[in-house]
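Protein chains: 2
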Amino acid sequence: MNATPRWLNPEQQAAWDGFIRMQEKLIGRLSRRVQADSRMSPADYIVLAKLTEAGGRMRFMDLTKLVEWEKSRMSHQVARMAKRGLVAKEECPDDGRGSFIVATPAGREAIEEAAPVHVEHVRRLFIDALTQEELDTLARISNRVLAHLEKQPD
Amino acid sequence: MNATPRWLNPEQQAAWDGFIRMQEKLIGRLSRRVQADSRMSPADYIVLAKLTEAGGRMRFMDLTKLVEWEKSRMSHQVARMAKRGLVAKEECPDDGRGSFIVATPAGREAIEEAAPVHVEHVRRLFIDALTQEELDTLARISNRVLAHLEKQPD
DNA sequence: ACCATTTGGTTGATGTGTCATCCAACTTAG
DNA sequence: CTAAGTTGGATGACACATCAACCAAATGGT
């Protein structure tokens with residue numbers, strides 16, 4: 001029972017609030033744009049991108065780990081994408097439980113069309129806002145936080 | 001039709017990837033923690049926090065603007081929160097269409113219990129990962145991106 | 001007074017993320 | 001060989017976000 005919780009000091013609060021606001025607006029804008037001009041959700045985009053980047057054919061669990069998602073999420077996502085014809089599922093002969101996820105031609109076409117547009121938006125909304133030095137700093141800070149998170153329990 | 005799309009250079013790519021990864025993991029961890037030990041979603045948390053911070057009684061649209069959400073989102077959210085007894089809706093005498101959102105005692109109790117825990121997690125997962133100088137830098141960068149976004153069409 | 005527009009807010013459909021649970025197939029200790 | 005444990009993956013329930021459409025009350029111009 002902590003009698004007096006240690007609130008954040010003004011600078012800390014400013015950093016946290018600013019970061020949260022920025023991240024929400026940025027991600028929001030970007031995903032709306034991606035969705036609007038490629039008819040793909042950000043989830044579709046990243047899954048297809050990683051999948052094709054890796055050759056267009058992967059074991060389900062490998063893909064899940066590559067994208068760093070939970071398997072349930074990927075399972076649902078792949079099911080939806082399969083329904084829309086972006087990927088297909090194939091059985092795995094080596095492992096009776098396993099399955100391969102394959103990018104369909106339609107899927108390849110979709111990602112090839114979407115990728116440059118995506119990059120342009122990232123550039124326009126984010127990269128162009130900052131100097132190269134600021135980008136480097138942000139990368140360093142991000143990696144610091146990531147490393148910290150990995151050390152931290154749960 | 002852009003013949004050769006300008007991909008990001010390695011430093012830009014590293015900054016973007018790092019930021020995205022960091023933000024996903026951080027937000028993910030935090031919202032799981034909040035949910036786990038307060039039985040409130042991040043959405044519940046922020047709505048209740050802003051609402052009580054503003055006195056615990058607000059016009060629906062003022063609250064919506066304060067939280068910077070779309071009204072539809074807030075409408076659904078408030079409906080769910082009302083169902084769970086965290087807030088209540090009251091009619092507005094001045095404006096026949098309007099309504100007030102009021103934090104119930106249960107809502108106040110919930111947020112007062114959740115807030116210190118939330119702060120502790122923010123501190124543990126984020127603040128403690130960085131020096132004060134890095135926090136300041138991040139705040140500056142965030143505000144830069146935010147300002148840039150506001151100038152940018154759509 | 002009247003019509004057009006704006007504002008406040010709801011609703012329903014659809015897509016998405018999480019959790020818990022389940023099951024079949026593989027692996028390994030004994 | 002068999003039982004126990006682990007892994008690959010699916011599923012259903014639920015909370016959440018977004019979009020488009022809608023409606024009624026307020027407002028403003030004529």
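Sequence order for the protein chains is W and Z.
For the first sequence, the UniProt record's numbering gives the first residue as 1, with consecutive numbering after it.
For the second sequence, the UniProt record's numbering gives the first residue as 1, with consecutive numbering after it.
Idealized CB from N, CA, C, for every residue including glycine.
Subject >> Met74 (chain Z) - partner residues in DSSP beta bridges >> reply: Numbered from 1 along the second sequence, position 74 holds the residue referred to as residue 74 (chain Z). Met74 (chain Z) pairs with nothing; no bridge assigned.
**OP:** Could you spell out where the alpha helix (DSSP H) holding Arg84 (chain Z) opens and where it closes?
**Re:** To locate residue 84 (chain Z), count along the second sequence from 1; it is residue 84. Taken as a continuous stretch (DSSP letters only), Arg84 (chain Z) belongs to no alpha helix (DSSP H), as it is neither H nor E.
**OP:** Using the Cα positions of Leu26 (chain Z) and Ala139 (chain Z), report the straight-line distance between them to the nearest angstrom.
**Re:** Counting from one through the second sequence, the residue named residue 26 (chain Z) turns up at place 26. Counting from one through the second sequence, the residue named residue 139 (chain Z) turns up at place 139. Whole-angstrom Cα-Cα distance: 16 Å.
Original post:
Contact between the stretch 96 to 116 of chain Z and the stretch 16 to 24 of chain Z: three or more CB pairs below 8 Å?
Top reply: Taking 8 Å as the limit for Cβ pairs, the verdict is that the stretch 16 to 24 of chain Z does not touch the stretch 96 to 116 of chain Z.
Original post:
Helix or strand or just coil, what does DSSP make of Met58 (chain W)?
Top reply: To locate residue 58 (chain W), count along the first sequence from 1; it is residue 58. It is a strand residue.
Subject >> Buried versus exposed call for Met1 (chain W) [16 or more other C-beta atoms within 10 Å across all chains shown] >> reply: Residue numbering aside, residue 1 (chain W) sits at position 1 when the first sequence is read from its first letter. Caution is warranted here: a pLDDT of 48 is assigned to Met1 (chain W), below 50, making its placement in the model unreliable, and the coordinate value is therefore given only provisionally. Exposed, because fewer than 16 other Cβ atoms sit within 10 Å of the Cβ of Met1 (chain W).
**OP:** Flag this pair as yes or no: are the beta carbons of Ile141 (chain W) and Leu8 (chain Z) separated by less than 8 Å?
**Re:** By one-based count along the first sequence, residue 141 (chain W) stands at place 141. By one-based count along the second sequence, residue 8 (chain Z) stands at place 8. No, Cβ-Cβ distance for Ile141 (chain W) and Leu8 (chain Z) is not below 8 Å.
Original post:
Looking only at its own chain, which residues have a Cβ that is under 6 Å from the Cβ of Ala103 (chain Z), when we skip the five neighbours before and after it?
Top reply: Mapped onto the second sequence, residue 103 (chain Z) falls at position 103. Taken in chain order, the residues that qualify are Leu51, Thr52, Gly56 and Val87.
Original post:
Per DSSP, Ala103 (chain W) forms a beta bridge with which residues?
Top reply: Taking the first sequence and counting its residues from 1, the one referred to as residue 103 (chain W) is at position 103. Ala103 (chain W) pairs with W:Val87.
Original post:
Looking only at C-alpha atoms, which of W:Met74, W:Met81, W:Gly18 and W:Arg32 sits nearest to Asp154 (chain Z)?
Top reply: Taking the first residue of the second sequence as 1, we reach residue 154 (chain Z) at position 154. Per the Cα distances, W:Arg32.
Subject >> Any C-beta of chain W under 8 Å from that of Asp136 (chain Z) >> reply: By one-based count along the second sequence, residue 136 (chain Z) stands at place 136. By this cut-off, Asp136 (chain Z) is an interface position.
Subject >> Identity of the residue in Z:Ala79, Z:Arg84 and Z:Leu149 nearest Leu125 (chain W) by Cα >> reply: Position 125 of the first sequence holds residue 125 (chain W). Checked all of Z:Ala79, Z:Arg84 and Z:Leu149; the closest Cα to Leu125 (chain W) is Z:Leu149.
**OP:** Quick one: list the residues of chain W neighbouring Gln23 (chain Z), beta-carbon separation under 7 Å, in chain order.
**Re:** Working through the second sequence from its first residue, we reach residue 23 (chain Z) at position 23. The answer, in chain order, is Gln23.
Original post:
Within 8 Å (strictly less), CB to CB, does Ser99 (chain W) reach chain Z?
Top reply: For the purposes of this step, residue 99 (chain W) is taken as residue 99 along the first sequence, with counting starting at 1. Chain Z, which has no Cβ nearer than 8 Å to the Cβ of Ser99 (chain W), makes this no.
Original post:
For Met1 (chain Z), which three-state DSSP category applies?
Top reply: The sequence position of residue 1 (chain Z) within the second sequence is 1, counting from 1. With a pLDDT of 46 at Met1 (chain Z), under the threshold of 50, the predicted position of this residue should be treated as unreliable, and no value is reported.
**OP:** Whole angstroms is fine: what's the gap from Gln13 (chain Z)'s alpha carbon to Arg59 (chain Z)'s?
**Re:** Along the second sequence, read from residue 1 onward, the residue named residue 13 (chain Z) stands at position 13. Along the second sequence, read from residue 1 onward, the residue named residue 59 (chain Z) stands at position 59. Each residue's alpha carbon lies about 43 Å from the other.
**OP:** Could you list which residues in chain Z have their beta carbon closer than 7 Å to that of Leu86 (chain W), in chain order?
**Re:** What you label residue 86 (chain W) is simply residue 86 of the first sequence in a count that begins at 1. For Leu86 (chain W), there are no C-beta contacts with chain Z under 7 Å, since the nearest C-beta of that chain is about 21 Å from it.
Original post:
If we cut at 8 Å on Cβ distances, does His76 (chain W) have a partner in chain Z?
Top reply: Within the first sequence, the letter at position 76 stands for residue 76 (chain W). Chain Z, which has no Cβ nearer than 8 Å to the Cβ of His76 (chain W), makes this no.
Original post:
Which chain W residues sit within Cβ distance under 9 Å of Ile127 (chain Z)?
Top reply: Counting from one through the second sequence, the residue named residue 127 (chain Z) turns up at place 127. Within chain W, the residues near Ile127 (chain Z) are Leu8, Gln12, Ala15 and Trp16.
Original post:
Would a check of beta-carbon distances place Leu63 (chain Z) closer than 8 Å to chain W?
Top reply: The residue labelled residue 63 (chain Z) in the question sits at position 63 within the second sequence. Not one chain W Cβ lies under 8 Å of Leu63 (chain Z).
Original post:
Of the residues that make up the stretch 91 to 124 of chain W, which ones have a beta carbon closer than 8 Å to any beta carbon in chain Z?
Top reply: Within the stretch 91 to 124 of chain W, the residues whose Cβ lies closer than 8 Å to some Cβ of chain Z are Ala115, Pro116, Val119, Glu120, Val122, Arg123 and Arg124, listed in chain order.
**OP:** Using beta-carbon positions only, say whether Glu109 (chain Z) and Phe100 (chain Z) come within less than 8 Å of one another.
**Re:** For the purposes of this step, residue 109 (chain Z) is taken as residue 109 along the second sequence, with counting starting at 1. For the purposes of this step, residue 100 (chain Z) is taken as residue 100 along the second sequence, with counting starting at 1. Contact flag unset, no.
Subject >> Status (buried if at least 16 other CB within 10 Å, exposed otherwise) for His121 (chain Z) >> reply: Along the second sequence, one-based indexing puts residue 121 (chain Z) at 121. Label assigned to His121 (chain Z): buried.
Subject >> Distance between Val67 (chain W) and Lys83 (chain W) (C-alpha atoms, nearest Å) >> reply: Indexing the first sequence from 1 puts residue 83 (chain W) at position 83. Indexing the first sequence from 1 puts residue 67 (chain W) at position 67. Going from the Cα of Lys83 (chain W) to the Cα of Val67 (chain W) covers about 20 Å.
**OP:** Could you pull the start and end residues of the alpha helix (DSSP H) that Ile127 (chain W) belongs to?
**Re:** Translated into the one-based positions of the first sequence, residue 127 (chain W) becomes position 127. From DSSP, Ile127 (chain W) is part of no alpha helix (DSSP H); its letter is neither H nor E.
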